[in-house]
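The sequence shown begins at -17 in our numbering and counts up by one. Positions of the beta carbon are idealized from the N, C-alpha and C atoms, including for glycine. Below is one structure, written out as structure tokens; comments come after it.
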Amino acid sequence: MDTDIIISQLTEHFQEIVPLKEEEIALVIQKLEFIQLKKKEYLLREGQVSRHMRFIAQGSLYAYHIDEKGKENMTQLGIENWWINDLYSYLSELPSRMFIQANEDATIVQISKTNLELLYREIPAISEFWRLKMQSAYVTLQERTFEHSRVDAYTKYRNFVTSYRNIEQRFPQYMIASYLGITVEYLSYLRKKHLSDVS
């Protein structure tokens, strides 16, 4: 793990949204923690309270909950330069109702809630960054909720591959199918239909 490269990666990610001065970057770096995960290792388990914001520097992860029938239901898929978390648990400080697990070997950069709140006071731009990120997360959640009940499966799939061009090849088909709320067999049909439509 080359921490200098990862710090540069995270700094660029922040600066795509807000400007940061050199001294502010130095303050952020002091608050970072680095985690290495092997494939299938857990970042968060059901019942734990999420106390960090987590940035995927390398690899991919997925979040899911288990329903009353014991079935895994994918709620988030994440790759490099994305944040992954149980925001409900993080904001409410209640036990998580989901698992977050590595799909590939992964490097995570995390900032504890305590340290992030210190940064909010020390660096207004960091507070602005998270205000905009939370707004974006809320909009995405609303769109997904709307799609789930009102949009046909093919449109859902097409929107997914259009919005997240680099993600489909990184995850097993059953995870993509679960995320979209369809069967693996139907996903295969939709993929073939989409390839036919765009060719």
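is_contact[residue 95, chain B] using C-beta, thresh 8 angstroms: Considering every chain present, this structure includes no chain B. It has just one protein chain.
Identify whether residue 105 lies in helix, strand or coil by the three-state DSSP scheme. coil
Is the number of C-beta pairs between the segment -1 to 17 and the segment 55 to 66 that are closer than 8 angstroms three or more? no
Leaving out five residues on either side along the sequence, give the residues of the same chain with a beta carbon under 7 angstroms from the beta carbon of residue 20. 84, 87
Helix, strand or coil: how does DSSP classify residue 153 here? coil
Quick check: residue 32 and residue 61, are their CB atoms within less than 8 angstroms of each other? no
For residue 36, count the other beta carbons within 10 Å of its own beta carbon; 16 or more makes it buried, fewer makes it exposed. Which is it? buried
So, at 7 angstroms on beta carbons, what are the nonlocal neighbours of residue 7 in its own chain, with the 5 sequence-adjacent residues on each side left out? -7
Thinking C-alpha only, which one of 126, 124, 127, 79 is nearest residue 50? 79
Buried or exposed (CB count within 10 angstroms, at least 16 for buried), residue 48: exposed
For residue 55, does the three-state DSSP call read helix, strand or coil? strand
Is residue 138 closer than 8 angstroms to residue 129 when the C-beta atoms are compared? yes
Output the residue ranges of the beta strand (DSSP E) runs that lie fully inside the segment 27 to 84 and measure 3 residues or longer, sorted by chain position. 34 to 40, 43 to 48, 54 to 60, 81 to 84
Assuming residue 45 and residue 82 form a contact by the criterion Cβ under 8 angstroms, report the distance between their Cβ atoms to the nearest whole angstrom. 5 angstroms
Just to confirm before moving on: does the CB-CB distance between residue 34 and residue 93 stay below 8 angstroms? yes
Within 10 angstroms of the Cβ of residue 67, are there 16 or more other Cβ atoms? Answer buried if so, exposed if not. buried
Along the chain, where does the alpha helix (DSSP H) that runs through residue 14 open and close? That residue, residue 14, is in no alpha helix (DSSP H); it is neither H nor E in DSSP.
Grab me the residues of residue 27's own chain with a C-beta within less than 6 angstroms of its C-beta, minus the 5 sequence neighbours each way, in chain order. 81
By Cβ distance below 8 angstroms, which residues in the same chain neighbour residue -14 in space, the five residues on each side in sequence not counted? none
DSSP state of residue -13 mapped onto helix, strand, coil: helix
For residue 146, name the three-state secondary structure that DSSP assigns. coil
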